[in-house]
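Engineer: I'd like to ask some things about the structure below.
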Amino acid sequence: MRLLDLLNLSLMQFFSPAKVQSIRENLAASEVAKKDEQAHKEDAKLQHTILKEQKEADIIQQRMEQEAAHQATKQQKEMNKAARAAQWQIDKELRDEKKAQEQKEKEE
Numbered sequence: 001m002r003l004l005d006l007l008n009l010s011l012m013q014f015f016s017p018a019k020v021q022s023i024r025e026n027l028a029a030s031e032v033a034k035k036d037e038q039a040h041k042e043d044a045k046l047q048h049t050i051l052k053e054q055k056e057a058d059i060i061q062q063r064m065e066q067e068a069a070h071q072a073t074k075q076q077k078e079m080n081k082a083a084r085a086a087q088w089q090i091d092k093e094l095r096d097e098k099k100a101q102e103q104k105e106k107e108e
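Under full-length UniProt numbering, the very last position in the sequence shown is 108; numbers go up by exactly one each time.
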């Protein structure tokens, strides 16, 4: 809604105070709506950024947990391998000792 008639600029125009007030209120409401829309857009953009950063943090956390689980599994395998090697060595020594005992008994 405009105050001036653009087709008849040469004619004298009079404006009622109510019409002027109405135009001012409409302009103010339009400005408020524009600012609200801009604030809403900025808020949506901020929410999107926060969500994106949260997803990235979750992915990093998940990768760290997977790496920790992988390291724990690897360490457990190494410990099991060392335990098997130690048990094998003990069994070998027992077999060798038993063999030596049997050899000694044969000689007597």
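A virtual CB, placed ideally from N, CA and C, is assigned to each residue, including glycine.
Everything numeric in this text was worked out from a predicted model, so none of it was measured.
1) What are the boundary residues of the alpha helix (DSSP H) that Glu31 is part of?
2) For Ala83 and Glu97, what's the separation of their Cα atoms in angstroms?
3) CA-CA distance, Ala39 and Leu27?
4) So that I know if they touch, is there some Cβ in chain D lying closer than 9 Å to that of Gln89?
5) Expressed to the nearest angstrom, what Euclidean distance is found between the alpha-carbon atoms of Glu78 and Glu102?
Structural biologist: Here's the rundown:
1) One-based indexing of the sequence shown puts residue 31 at position 31. It spans Pro17 to Glu107 - the alpha helix (DSSP H) in which Glu31 sits, taken as one unbroken run.
2) Here residue 83 refers to the residue found at position 83 of the sequence shown. Here residue 97 refers to the residue found at position 97 of the sequence shown. Going from the Cα of Ala83 to the Cα of Glu97 covers about 21 Å.
3) The residue labelled residue 39 in the question sits at position 39 within the sequence shown. The residue labelled residue 27 in the question sits at position 27 within the sequence shown. About 18 Å.
4) Chain labels in this structure do not include chain D; a single protein chain is all it has.
5) Translated into the one-based positions of the sequence shown, residue 78 becomes position 78. Translated into the one-based positions of the sequence shown, residue 102 becomes position 102. If you take the alpha carbons of Glu78 and Glu102, they lie about 36 Å apart.
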